[in-house]
DNA sequence: TTTACTGCAAATATTTTGCAATATC
DNA sequence: GATATTGCAAAATATTTGCAGTAAA
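Protein chains in written order, with this note's numbering: chain A, 13 to 175; chain B, 13 to 175.
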């Protein structure tokens, strides 16, 4: 199972991070981190909290927030914002070898789908940003998914209805 | 004054939009729209509300929100989200001829600076998104501005301090 | 034993909603 | 005059904070 390997690596990363800053290796932190590997790619704080509850593992929402912030600071997670959605988190791609993961978002139903585009990545990473040092380039493409586009056609007839 | 021309055009756009949907041309809506032309490129709902108050024009915050939503629906404004910032609005570039406006954000001080990149725009607009129809591609580059990078160097010495 | 961390509850920040009063059409 | 829109206050949503109790080191 390749997932297992990745999970162990990320766990080790967390251990190192905590140790190096004399922070504590609490069971909550590792339980949360483990659970993240069984969540969808882009999950919210409440997704994680509810998942823990359903597993019968009680953690306060405050601790979920604390841990998520910690994981981001430690470079294990990245944050993404999408119009009309709560903050999403995703396992960091920094360690990954592949192309960056970008997202498209349907402005009607809110559906989010990921895509990759090595060419755009090249453009993003090759160009200079002046005195600014980029660490995390993000591409978000808002638009319409197929089914919302269809629905939109039906509900927006050419002839305006009269009163 | 080229600004004046743009403002008139956008005002006309709003008038058309309202007329075509039998919505009302209230003074608040036009006052808000006008004020936006004298705000920074990326402004928040409270920026706009406070600007109105300082001009001695009383509008409720609820109306500011209503109008901003309306302006976005009418295609006059676009919304942008940045980590650690309230929602920002910006005059739509749809009508503009130039390249798309993208943003870089300093993750330490929160400073936002815009940049353009016609090559990336080409990549974004040329590629296919499958059954998904893109309307608004956004690039946000998080990183460090020069001054925060300097400060960071000072406060993160090579040798960890011992307890 | 020390103090970082958790859970809880209250606080904050941002945006939305319900509704009576008002003003556009 | 009909009703879309405003302003206000309350509600909803998402996240942060203060603090007492708990547990990792």
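For every residue, glycine included, the Cβ atom is placed at its ideal position computed from N, Cα and C.
For clarity, every value in this text was computed on a predicted model and none was experimentally measured.
>> Can you pull the chain B neighbours of residue 147/A, defined as C-beta to C-beta under 9 Å?
In response: Within chain B, the residues near residue 147/A are 119, 153, 154, 155 and 156.
> Residues in its own chain within less than 6 Å of residue 119/B by CB, not counting five upstream and five downstream?
Replying inline: Excluding sequence neighbours, residue 119/B sits near 154.
> Among 132/A, 134/A and 30/A, which residue has its Cα nearest to the Cα of residue 79/A?
Replying inline: 30/A
> Looking at chain B, which residues of the stretch 68–94 of chain A have a Cβ within less than 8 Å of any of its Cβ atoms?
Replying inline: 91, 93 and 94
> Would residue 121/A be called buried (16 or more neighbouring beta carbons within 10 Å of its own) or exposed?
Replying inline: exposed
>> When you compare the CB of residue 125/B with every CB in chain A, is at least one pair closer than 8 Å?
In response: Yes, residue 125/B counts as interfacial toward chain A.
>> Measuring CB atoms only, is the stretch 21–29 of chain B touching the stretch 157–166 of chain A, in the sense that at least three cross pairs come out at less than 8 Å?
In response: no
> In angstroms, rounded to a whole number, what distance separates the CA positions of residue 73/A and residue 50/B?
Replying inline: Cα to Cα, residue 73/A sits roughly 42 Å from residue 50/B.
>> DSSP three-state label for residue 71/A, please.
In response: coil
> Span of the beta strand (DSSP E) holding residue 146/A?
Replying inline: Run containing residue 146/A: 145–156, per the beta strand (DSSP E) assignment.
> So, using beta-carbon positions, are residue 67/A and residue 47/A closer together than 8 Å?
Replying inline: yes
> Among 139/B, 147/B, 143/B and 152/B, which has the Cα closest to the Cα of residue 144/A?
Replying inline: 152/B
> Would a check of beta-carbon distances place residue 141/B closer than 8 Å to chain A?
Replying inline: yes
> In three-state DSSP terms, what is residue 56/B?
Replying inline: strand
>> Please identify the residue among 43/A, 36/A and 54/A whose C-alpha is closest to the C-alpha of residue 102/A.
In response: 54/A
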